[in-house]
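Q: Before anything else, here's the structure in question.
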Amino acid sequence: MNKKVCVYGCVCVDAYLPKQINILFHFIGMITVFNPAPISPEIVKIFPFDNVDCLILNKIESLELYSKITTITDTSTTSSSLLSSTLSDYNQQKKLLLTIKNKFPQLKILIVTLGYDGLIAWFKHFNSDDEIRTFPIHEPKDGKPVLDTTAAGDTFIGFFVASISRNLQVTGCSLDNLSLEQIEEGIKEGIIAASLSVRKIGAMDSIPYLDEVYQEKG
């Protein structure tokens, strides 16, 4: 293979997918969205992070990946007090995000979901090196209580990736062509979808339809 082509869309990969497949996706021009679950002890060494465009982590995964990064580059920063306090410390979560971003400079989007605290994100083409954007959770209009958070993360990722893919069909096959509003639209649709999913019991059965998300979005 000596010529890169362009495929309009995104592909979401996890740590189970063989390295060669991820390299192929990158070669054909697909936007690669990576959720590194499960995080193995050797993930930083064996996974081709240089082929990842968008990295999405929950707060546990961000801690685990941070520990792998700092173990390799600076063992003095992996104190147990830092790791144990981070889950409930918003500023520490930002520190983790920036550390991960600096470790993988090819990333164009980095998102860390924080459960009830919403999420934080960094966009390469719209943020300075240390500027973090915050997004709150969505409270559904019907006021239903949270019943089951099982599929919340996967639902967010799926709707975010789908939204970005739809916009890429219009703008072209590079994240560089997307506007800040288009990226934020994808994040907000993912947040709304996740907020609807946790109001139902189950995993796949709790994932809303796109029409439900648009209706909730107003």
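Heads up, the sequence shown is in my numbering, so the first residue is 6 and it goes up one at a time. Cβ atoms here follow ideal geometry from the backbone N, Cα and C, with glycine treated the same way.
Take Asp62 as the anchor and find which of Met209, Gln174, Ile48, Ile162 has the nearest alpha-carbon.
A: First, the amino acid is wrong: residue 62 is Leu here, not Asp. Of Met209, Gln174, Ile48, Ile162, the smallest CA-CA separation from Leu62 is found for Ile162.
Q: Per DSSP, Asn40 is paired with what?
A: Asp19.
Q: On a CA-only basis, which of Pro23, Asp58, Lys64 is nearest Gln97? Give me that one, please.
A: Minimum Cα distance to Gln97 is reached at Lys64.
Q: Please confirm whether Ser154 and Val203 have their CB atoms less than 8 Å apart.
A: First, the residue type needs correcting, since residue 154 is Thr and not Ser in the sequence shown. Yes, Cβ-Cβ distance for Thr154 and Val203 is below 8 Å.
Q: Taking the continuous alpha helix (DSSP H) assigned at Ala157, which residues delimit it?
A: 157-176
Q: Got a sec? Which residues, its chain only, sit under 8 Å from Lys129 by beta carbon, not counting five neighbours each side?
A: Leu112, Lys113, Ile114
Q: Terminal residues of the continuous alpha helix (DSSP H) containing Leu185?
A: 185-202
Q: Counting pairs of Cβ atoms below 8 Å between the stretch 41-52 and the stretch 192-199, do you hit three or more?
A: no
Q: Here's the rule: buried if 16 or more other CB atoms are within 10 angstroms of the residue's CB, otherwise exposed. What is Leu183?
A: It counts as buried.
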